[in-house]
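Peer 1: FYI, the numbering for the sequence shown is 1 to 91, going by the numbering used here. Glycine is no exception: its CB is placed at the ideal position from the N, C-alpha and C atoms. Handing you a structure now.
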Amino acid sequence: MLPDGSMQPVLNAAYGAAKMIWPRERPDSRIVRTVRDANGLDWYEHEDGSMSITQILLRKELGRMEPITNVFNPAPTVELGSEQKGSAKSR
Numbered sequence: 001m002l003p004d005g006s007m008q009p010v011l012n013a014a015y016g017a018a019k020m021i022w023p024r025e026r027p028d029s030r031i032v033r034t035v036r037d038a039n040g041l042d043w044y045e046h047e048d049g050s051m052s053i054t055q056i057l058l059r060k061e062l063g064r065m066e067p068i069t070n071v072f073n074p075a076p077t078v079e080l081g082s083e084q085k086g087s088a089k090s091r
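Rendered as structure tokens:
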């Protein structure tokens, strides 16, 4: 189920996956197409460039496979200052 309450076909046979949680500070963005990645997984591409997926993953803490939903929203690139770049390298 999408944030607006509408339904779309389940991706990657992940039946029972949780509802898509969209960030409150970001306007909902409609799905414009389905794309398949190099691993054969189907994703929804949204109008604003966001990507969402439902899939079955191993949940080690539960000891079983579970359907999950993930949403990835684009964000601006942040340039690190030279003092931050140096400290990141020393870690």
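Taking only three categories from DSSP, how would you classify Tyr15?
Peer 2: To locate residue 15, count along the sequence shown from 1; it is residue 15. Three-state DSSP puts Tyr15 in coil, outside helix and strand.
Peer 1: With distances taken Cα to Cα, identify the nearest neighbour of Asp28 among Asn73, Gly40, Leu41 and Pro9.
Peer 2: On the sequence shown, position 28 is the one that residue 28 refers to. It is Asn73 whose Cα lies nearest to the Cα of Asp28.
Peer 1: Would the beta-carbon of Gly16 fall within 7 Å of that of Pro67?
Peer 2: Within the sequence shown, residue 16 is the residue found at index 16, counting from 1. Within the sequence shown, residue 67 is the residue found at index 67, counting from 1. Taking 7 Å as the Cβ cut-off, Gly16 and Pro67 qualify as a contacting pair.
Peer 1: Are the beta-carbon atoms of Thr54 and Thr34 separated by less than 7 Å?
Peer 2: In the sequence shown, residue 54 corresponds to position 54, counting from 1. In the sequence shown, residue 34 corresponds to position 34, counting from 1. Their beta carbons are not under 7 Å apart, which means Thr54 does not touch Thr34 by this criterion.
Peer 1: Where does Arg91 fall in DSSP's three states?
Peer 2: As a first step, residue 91 is located in the sequence shown; it is residue number 91 there, counting from the start. Low per-residue confidence applies at Arg91: pLDDT is 49, beneath 50, and the placement is therefore not dependable, though the value from the model is reported in the following sentence. DSSP places Arg91 in coil when its eight states are reduced to three.
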